[in-house]
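Heads up, the sequence shown is in the numbering used here, so the first residue is 46 and it goes up one at a time.
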Amino acid sequence: MNNKSEFVFFILLRIFVGIAIVGLIVLFLTNLEKRPSDVAFSLIAFIISVAALVMTTLQSVSILRQVKVTQKAAKLVKESSDMIELLIKEDKTMERALREDLALDREIIVALEEHGIGNNEEERKAVAKTIKKRLRRR
46 MNNKSEFVFF ILLRIFVGIA IVGLIVLFLT NLEKRPSDVA FSLIAFIISV
96 AALVMTTLQS VSILRQVKVT QKAAKLVKES SDMIELLIKE DKTMERALRE
146 DLALDREIIV ALEEHGIGNN EEERKAVAKT IKKRLRRR
């Protein structure tokens, strides 16, 4: 319980106690002349009514708290969903860039093979170094 809900709970508790005391006083004053069994029955009915009122109010407070928790959870799920969608977009962008890089690599390999360059290790390293320098300038 947070401070606000504790404050509301204690205010409601005080109101219920006050109503119960007033009800008991009225009950005894109106039943002074009646038989003790009638007073006992009225007292039991009054106590059951007060207990039902307290339980209903506490249930309402619990429902309000649960609604707040559910709303917070829904908000977190929405934020998570938005973040996942953003990650998916970034993933697709990266995938597209990777495919473009692979296509460029294939074109470079084909061009080198057409000119007969890269038949040995030294030529491949020299070509790779030159391409690396040119790509850095981009």
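Where a beta carbon is used, it is the ideal one built from N, C-alpha and C, also for glycine.
Remember, predicted model here, so these are calculated numbers, not experimental data.
For L77, the three-state secondary structure derived from DSSP is coil. By the C-beta criterion, the stretch 125-136 is judged not to be in contact with the stretch 93-102, since fewer than 3 inter-stretch pairs fall below 8 Å. Straight through space, the alpha carbons of I66 and L88 are spaced by roughly 12 Å. Taken in chain order, the whole alpha helix (DSSP H) runs of length 4 or more contained in the stretch 109-183 are 166-182. Contact between V172 and L149 is absent: CB atoms are separated by about 14 Å, not below the 8 Å threshold. Nearest in C-alpha terms to S105, of all of N76, V53, V84, is V53. Between L74 and F91, the CB-CB gap reaches or exceeds 8 Å. The alpha carbon of L58 has as its nearest neighbour, out of K123, V112, T101, R80, the alpha carbon of T101. The alpha-carbon separation between V84 and E78 amounts to approximately 9 Å.
Proximity to K49 across E166, R110, A118 peaks at R110, based on C-alpha coordinates.
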